[in-house]
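Be aware that the sequence shown starts at 19, since it is given in our numbering, and climbs by one per residue. Backbone N, C-alpha and C fix where the C-beta goes; we use that ideal spot for every residue, glycine too. Beneath this line is the structure, given in structure tokens, with notes to follow.
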Amino acid sequence: MGVVVIIVAAGYGAAAGWLLPRAAYRLSVEPGAPWRTHCPQGHPLRGRLGPARCPGRPAGPAAGAGECGPRYGARSGTTALVAGAVCAALAAAAGPRPETAVFAGLAPVLVLLALVDLAVHRLPDLLTLPLAAAAAAGLGAAALAPGAAGSWRLALLGGAALGAAYLLLFLINPAGMGFGDVKLALPLGIALGWYGWGVWLFGAFLGFLYGALYGLFLVLRSPNGRKQAFPFGPFMAAGALTGLLLGGFGA
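What follows is the structure in structure tokens.
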């Protein structure tokens, strides 16, 4: 049964990940700018999800008949591989329990958020706030199902606590952390709190540790690395993923 769950989760993750590049391109804009509706070649985008490939021929007189336009943004194969691997790892850790469907179901959204944050250092409200609501509702439903290994009450408390902690850090040093990170902390805290305060603390700490190690790498690589800004959302997500893997195997 566990192997079947892993295979299903990996297939779902790969399918969802394959659709992410176009959405990431559409959402990778500066704050206040409208979402993109055209590819770099100027052709209207067909739908919100799918590969990031120009739907028409390359612009210019040299374009041959029937040619597809160039790719842009992330490659579908890469995002499918990443999302599939994340979902498979979560399924392997949590096993055939109801929370597995919630964690694996929401994981591709975190991959999408990471893509946008890496591109423009932004975590859109369009994704972070619904993700928090979906995590709370999904784990609430999972808590009612037989075989659940976590606590919905602790999940909600974990979301509130991690959100409050990031809000405090934002108020202390607004230049060092974006408000999008505060909003992302809500769903991550909900997920980590499901398995208890030990997992919550471990996952939250690892997010900071991963970010600090990358910051140290930038400093060692370049004299200007200390002043170089980098997106923190992917490290938050990586820390939460590590915590959930620990919590799932421990449960």
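Cβ-heavy atom distance, Ala-70 to the ligand PLP, below 6 Å: Within the structure as shown, the ligand PLP is missing, as the structure has no ligands at all.
Own chain, CB closer than 8 Å to Ala-256, minus 5 neighbours either side, in chain order: Cβ within range, chain order: Leu-224, Gly-225 and Tyr-228.
Excluding the 5 residues preceding and the 5 following Cys-105 in the sequence, name in chain order all residues of the same chain whose CB lies nearer than 7 Å to its CB. Ala-27, Ala-28, Tyr-30, Gly-31, Ala-122 and Ala-125
Spatial neighbours of Leu-149 in its chain, beta-carbon cut-off 7 Å, leaving aside the 5 residues before and after: Leu-124, Val-127 and Pro-205
Taking only the alpha-carbon atoms, compute the straight-line gap between Ala-92 and Gly-35 and give it to the nearest angstrom. 11 Å
Does the pairing of the stretch 207-226 with the stretch 159-178 give three or more beta-carbon distances under 8 Å? yes
For the candidate residues Asp-143, Ser-169, Asn-242 and Leu-144, whose alpha-carbon lies nearest to that of Ala-155? Ser-169
Thinking just about the alpha-carbon of each residue, which of Ala-222, Trp-215 and Val-47 is nearest to the one in Pro-277? A query on residue 277 cannot be resolved here, the shown segment of the chain reaching from 19 to 269 and no further.
One question on the structure: do Ala-16 and Arg-66 come within less than 7 Å of each other, judged by their Cβ atoms? In the structure displayed, the chain extends from 19 to 269; residue 16 sits before or after that span and is not available.
Residue interval of the alpha helix (DSSP H) (run including Arg-54): Per DSSP, Arg-54 belongs to no alpha helix (DSSP H) and is neither H nor E.
Cross-strand partners of Arg-89 (DSSP beta bridge): Arg-71
Within the stretch 139-219, note down every full alpha helix (DSSP H) run reaching 4 residues or more, in order along the chain. 143-162, 170-190 and 197-211
Helix, strand or coil: which one does DSSP assign to Ala-77? Any reading at Ala-77 must be qualified, since the residue scores a pLDDT of 46, below 50, and its modelled position is unreliable; the value itself is stated next. In the structure shown, Ala-77 sits in coil (DSSP, three-state: anything other than H, G, I, E or B).
Thr-96 to Gly-261, Cα distance in whole Å? 24 Å
Per DSSP, which one or two residues make a beta bridge with Pro-62? His-56
If we ignore side chains and look at the alpha-carbon of each, how far apart do Arg-140 and Gly-196 end up? 8 Å
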